[in-house]
Each structure stands twice: as C-alpha cells, then as structure tokens.
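The sequence shown begins at 116 in my numbering and counts up one residue at a time.
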Amino acid sequence: MVNGLDAEVIVVGGGVAGIAAAAALAERGVDTLIVEADDELGGKAKSVAIDGTLLERGPNSFHGRHDAMWRLLGLLGLADDAVPLAAVANKRFLVRDATLHAIAQHPLSLLTTEALTWGERAAIVREPFVAPRVASDDESVAEFFTRRFGHSLTEHVVAAALSGVFAGDLAALSMASALPALAQWERVYGSVIRGAMKSGKNGKRGVFRLRGGFSQIGARAKERLRTRTGLAVAAVEVGQDRVELAVSDGPILRCRRAIIATEAHHAAAMLRSARPELATVLDEIIYEPIAVVHWRAPRCDLPAGFGLLAAPCEKLFAMGTVFTGDLMGTGDKLYASFVGGAHARDRAALADTALLAGIRSDMNALGVAAPDLSLAHVERYTHAVAQPALGHADRVRAIRAAALPPLALAGSYLGAASLGAAAVSGFAAAQAVLAGLHACAASDAVGEVARG
Ligand SMILES: Cc1cc2nc3c(=O)[nH]c(=O)nc-3n(C[C@H](O)[C@H](O)[C@H](O)COP(=O)(O)OP(=O)(O)OC[C@H]3O[C@@H](n4cnc5c(N)ncnc54)[C@H](O)[C@@H]3O)c2cc1C
C-alpha cells in the first residue's frame, strides 16, 4: 500500500469493460486493481466445459469491425485466438409461418427469399425512394422501419433479427442508439438500402469467436493484471482527490481514481449516497432477462448454419437458437436457445424441465425431428442485455456529465450492449482517468515549484 492507497486506480467490475479499462491503464504504467464480486473475471463473457465440450455462457461471437475488441485481445495476448466462424455459419435461418427459410446477410438477398411476401419484397425495392425523415428527435426502431419498409416487414423480419441482439421491444428501442449505423445511412445516403450497398463495398471483417472460449479474456486478465475477486463493492465515497470503496463484509479500499464498470443498476446502488443524481439516471437503464439453454440432440435434423431467429409474432417459445456445433466448426448436434426477453420475461426464470419442454414444442412446431433432445447447461440472467431504449442518448449524456473525476463509468450499457461496446467504454474511461491523473501531476509539480 503506497500513501495509504490500495492502488492508484481501482476498477470495480471485471467484465470486458473493466478489463479493457484496467489493461489500458496498466499498459501506461498506472498501478491499477480490478475488484470483482464474482470468483471469476469476465462478467457475461464466460464459458463452461460440459462433458469435455466448451459452451459459451453468454456471448458466442463478436463482429470484426469492433476495433476496440482487437485492441483488448492484443493487450491480453489473445488476438491470435480470435478465429473467424466456420463458413457454414454464414447461413442463417428466419422462421416464417413455422417454416425455416435460409437468408443471406445482405438486405438485397432478402429479395430472393421465400420468407418474404411479394409485398414485403416490393417495400425493399421502394425503400431508396422513401423520403428521409426531417425531424431529429428520437424515433423508435419500430417507427423507423415501418416508415421505410412497412409494418409487415418490420413485424416479421426486423423483429426477428433484433430479438437476437437486444431481446427487446422494437417500439421501445431507440433507433439512433440501437442501430446508429442504419440511422446514419438514412441521414447520409437518404436510404438504408443505399447505405448497406456502400458499406458492403467497404468490406467488413466478418464474425469471430475465441478459441478456448470467451472465459479466456477473464483468465488472461487474472494472469496479467492486479485483481481481487470475490469482493462486492457496496458503496463508494468520494473525497478530495481520493475515493473510498466499502466492500460488503470486507475492508475499505482506497484509491485516487475509480472506474465503476459494473452493470448500470449495480453502479446506481453503490453511488446512491455519493452521487444521487447519477444513481437516478443509472437506474433508468433497463435490462431484459434471458435464459441461455444449451441442449443436444444427436439425431436432430436442423440444417447446418449459424442459427435461427423467430419474431415474437411467430409465437415460438425461444427467441432464437444458435447452432453451436456449426458455429464452433465441430458439427456436433449442439444448440443454444435464447429464452425470455421483452416479450416473454417470465420464461427466462422457468425451471429446467419447463425450458426443455418449450424447446421440444418449438421443434415440433417447426417440423424438426429432434429425438434424444436433452439439456446440457442452463444459464439464467435476470439482467442480460441493457436496452438502448428511447431517450438513451440523453441518459448517456446525463451519466457522462455527472460521472465527474475522481470517478469514471464504463459498461456496455453506455453503447449498444455488445462486447465491442463494452471494450470501447472501458478504453474511454481509462483515457478520461489518465487525463485527470496527468492534470493532477502537472498541478502537483507547479505546487512544488511554487513552494520552492
Ligand atoms: C446471453 C447473452 C448473449 C450475448 N451475446 C453476445 C454476442 O454474441 N456478441 C456480443 O458482442 N455481445 C453479446 N452479448 C452482450 C455482451 O456479453 C455484453 O454487452 C458485455 O459482455 C458486457 O460487458 P460489461 O463489462 O459491460 O458488463 P458485465 O459483463 O455485466 O460485467 C460487469 C461485472 O461487474 C461485476 N459487478 C457487479 N456488481 C459488482 C460489485 N458491487 N462489486 C464488484 N463487481 C461487481 C459483475 O460481477 C460483472 O463481472 C451477450 C450478452 C448476453 C447476456
């Protein structure tokens, strides 16, 4: 302990955001400690081995366009462990009228799929000629797509695609915060389709998984960074250039700067007395619950691919299913279904037997034979995915304005709830803390000179 401090900077929360913040600070030689409530680091990004098979408990892949993820993996020496998904995973399925339809990822490929009615295909052709919106206030995802593509495509296709990302309600999600790139395409090119064609030419770098599973991130952070696990911070007290962190049933930890990198509601709870106005806005960030149900069915006749998605109007039990064996490239008949979300919150808390029965009924409804279907692992999250809901940009602005030094905040809820967003927020928090520490060092130096 130097100067009565446990570390120069303490990062509360060892998920991807916290690890990114701590790794960036450690790289710059700042004495940094991660304090994590769980026994393992990684937050949602964790894996589990069941009967020798690696299963992802939360995220299964990340998009290569997220530079911050590459920077994080580089800092942890894991960049070479990021591998593109197997080619078969380029095939995705949309459920429409209880039938699986293969769809490619480019919007124009939707023109040739039987998953869409002729009216919906015509709406895609018409979209480049739909006048862009002039108003600049926040618009919901449902309003945006209905305006540009019509209600039917929004309800059957967009709702399916987004249930796989946010598990949310299109009428409640903010277009500008949930899908900023598409909102920008309308502003810049006057059309989503035109924007998609231009961005296609720029070439994205595809989708990646982590060899050895996403737990590698936490495991590598444990090896390379100063960490203390199994310590839950209950309250934060902010003093003159010093922060005190009260740990539940534990010591008080002291540092000069703290980065709170937990989920928004946990951050709100620990900041309630020190920064009540900040806690109030953090409490407004809502999360949807999800159960991730891993199952196997050795004789399952689902086709190969990344997975299937179903819009809520299809009335299936699960929002979607990832074909884990194909995604990992093993071809094992192993699957992960995502249950719950905004349209069926209670389902995320169901008992194992009810989850299994629900998935069986989905396979029956789809006409998929899956004898010997059995559970491999269930992961339940009461707070799975933060919702970039209407007003999100204002909330994030308010959070940033209130999270003044010696505090900084990080977490994927500050962006669009992905691994990439978590890493971006962690690096931004580290940058803010570094700037503050440099400013302090400069004023200390001036003080020394003045004192002679
Ligand atoms: C089922 C599921 C599937 C997903 N799939 C994908 C995907 O395929 N691709 C993708 O990009 N994203 C995906 N995501 C989103 C992604 O996993 C998250 O956005 C990201 O991992 C969040 O990271 P984070 O560091 O912001 O928060 P978290 O991972 O939630 O980390 C917060 C950490 O803070 C700790 N903490 C909380 N309270 C305290 C306290 N009082 N004291 C100390 N520590 C505390 C927690 O234990 C936790 O470790 C998925 C999420 C879920 C739930």
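Where is the CB? At the ideal position from N, CA and C, for every residue including glycine.
It should be emphasised that the depicted structure is a prediction, and the values quoted were computed from it without experimental measurement.
Buried versus exposed call for residue i [16 or more other C-beta atoms within 10 Å across all chains shown]
i	result
F244	exposed
R335	buried
I400	buried
S278	buried
Q355	exposed
I239	buried
P486	exposed
V548	buried
G128	buried
H381	buried
D121	buried
D212	exposed
P174	buried
G567	For G567, the pLDDT reaches just 47, beneath the cut-off of 50, and the residue's location in the model is therefore unreliable, leaving the point undetermined.
A426	buried
G318	Its pLDDT being 45, under 50, G318 is placed unreliably in this model, and the coordinates cannot settle the point.
K161	buried
H590	Outside the shown range of the chain (116 to 567) lies residue 590, about which nothing can therefore be said.
R371	buried
A194	exposed
T342	buried
V249	exposed
Heavy atom of ligand 1 within 7 Å of residue i beta-carbon
i	result
M385	yes
G579	Beyond the ends of the chain as shown, which are 116 and 567, falls residue 579; an answer cannot be given.
V500	yes
H216	no
T377	yes
N175	yes
I405	yes
K159	yes
G526	yes
A152	yes
S533	yes
H381	yes
V307	no
Y496	yes
A574	Shown here, the chain extends from 116 to 567; a query on residue 574 therefore has no answer.
G133	yes
A293	no
V124	no
A537	yes
V348	yes
Pair within 8 Å by beta-carbon distance, residue i and residue j
i	j	result
V62	L346	Given a span of 116 to 567 for the chain in the structure shown, any question on residue 62 remains unanswerable.
H458	I165	no
R99	A406	Within the shown structure, residues of the chain are numbered from 116 to 567, placing residue 99 beyond reach of any answer.
L101	G328	Any answer about residue 101 is impossible in this case: the structure gives the chain only from 116 up to 567.
S176	R324	yes
A291	A298	yes
I502	E403	Reading the sequence as shown, one finds Gln at residue 502 and not Ile. Cβ atoms of Q502 and E403: closer than 8 Å.
A508	D253	yes
G526	T377	yes
A373	L360	yes
L285	S255	yes
A201	D447	no
E123	T344	no
V150	L552	no
H178	V322	yes
M478	F453	no
G130	A537	yes
T232	I218	no
A504	L215	no
V126	T147	yes
L490	L471	yes
A532	V500	yes
A383	L397	yes
L529	V511	yes
#### Entry: Continuous beta strand (DSSP E) assignments of at least 3 residues falling wholly in the stretch 200-226
207-211 and 214-218
### Task
Starting from the N-terminal side, write out each stretch of the alpha helix (DSSP H) that is 4 residues or longer and does not extend beyond the stretch 165-193.
Within the stretch 165-193, the complete alpha helix (DSSP H) runs of at least 4 residues are 182-190.
### Message
Using 8 Å as the cut-off, can you tell me whether the stretch 411-426 makes contact with the stretch 253-266, which would need three or more C-beta pairs spanning the two stretches below that distance?
### Response
The stretch 411-426 is not in contact with the stretch 253-266.
### Message
Quick check for students: name the residue ranges of the beta strand (DSSP E) that lie wholly in the stretch 481-525, counting only runs of 3 or more.
### Response
Runs of the beta strand (DSSP E) inside the stretch 481-525: 489-501 and 522-524.
### Task
Decide if the stretch 387-394 is in contact with the stretch 455-471; the criterion is three or more beta carbon pairs, one per stretch, under 8 Å apart.
no
### Query
How about the stretch 520-528 and the stretch 264-274: do they share at least three Cβ pairs that are nearer than 8 Å?
No: the two stretches stay apart, fewer than three of their Cβ pairs being nearer than 8 Å.
### Task
Quick one: which unbroken beta strand (DSSP E) runs of 3-plus residues sit fully inside the stretch 349-388? Chain order, please.
357-362 and 367-375
### Query
Touch check for the stretch 538-553 and the stretch 131-144: three-plus C-beta pairs under 8 Å?
yes
### Query
Three or more C-beta pairs closer than 8 Å, one from the stretch 140-148 and one from the stretch 301-315: is that the case here?
no
### Message
Within 8 Å, do at least three Cβ pairs link the stretch 196-208 to the stretch 418-436?
### Response
With the cut-off at 8 Å, the stretch 418-436 and the stretch 196-208 touch.
### Task
Tell me the start and end of each unbroken beta strand (DSSP E) in the stretch 232-292 that is at least 3 residues and wholly inside, in chain order.
none
### Query
Where are the beta strand (DSSP E) runs, 3 residues long or more, that stay fully inside the stretch 434-465, in chain order?
435-437 and 449-455
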